[in-house]
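In the working numbering, the protein residues as written are 119 to 254.
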């Protein structure tokens, strides 16, 4: 097994780990989600380092082999970019859910304030009417 093939095997393992971690990001919350995102970032760094090593090794190959391995490295880069996009989409989905929850909370706060104002006005009107009829 050549060094490039060894890097390819390591890359496959790392991208499988990235895919697994992204799926964990989708179903986790809070601190666990943050830890999964950090883990995914570390795995992306590792995958990028492997790609850099592959590129260096490809440069040392003959013309025929260089063409073959350059194509593989390009496809690996495209795959890694897609995985990064998947992670960002999972993070955006979570952000959208949080935004909807906060929006709902704000609406309830406004409704509660309006209701409190209405009750306050009713109490004030009742007190004024009570004083008016007592004095009359």
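A virtual CB, placed ideally from N, CA and C, is assigned to each residue, including glycine. On a predicted model such as this, the values are computed, not experimentally measured, just so you know.
Leaving out five residues on either side along the sequence, give the residues of the same chain with a beta carbon under 8 Å from the beta carbon of residue i.
i: residue 129; result: 165, 168, 169, 172 and 194
i: residue 155; result: 143, 205 and 209
i: residue 243; result: none
i: residue 188; result: 176
I'd like the span of the alpha helix (DSSP H) that includes residue i, first residue to last.
i: residue 141; result: 121 to 145
i: residue 148; result: 148 to 177
Give me the Cα-Cα distance between residue i and residue j, rounded to the nearest whole angstrom.
i: residue 218; j: residue 225; result: 11 Å
i: residue 126; j: residue 220; result: 45 Å
i: residue 253; j: residue 230; result: 35 Å
i: residue 123; j: residue 177; result: 14 Å
i: residue 233; j: residue 223; result: 15 Å
Going by the beta-carbon positions, is the gap between residue i and residue j smaller than 8 Å?
i: residue 183; j: residue 133; result: no
i: residue 139; j: residue 157; result: yes
i: residue 135; j: residue 174; result: no
Identify, in the order they occur along the chain, each residue of the same chain with its Cβ nearer than 7 Å to the Cβ of residue i, setting aside the five sequence neighbours on each side.
i: residue 147; result: none
i: residue 121; result: 175
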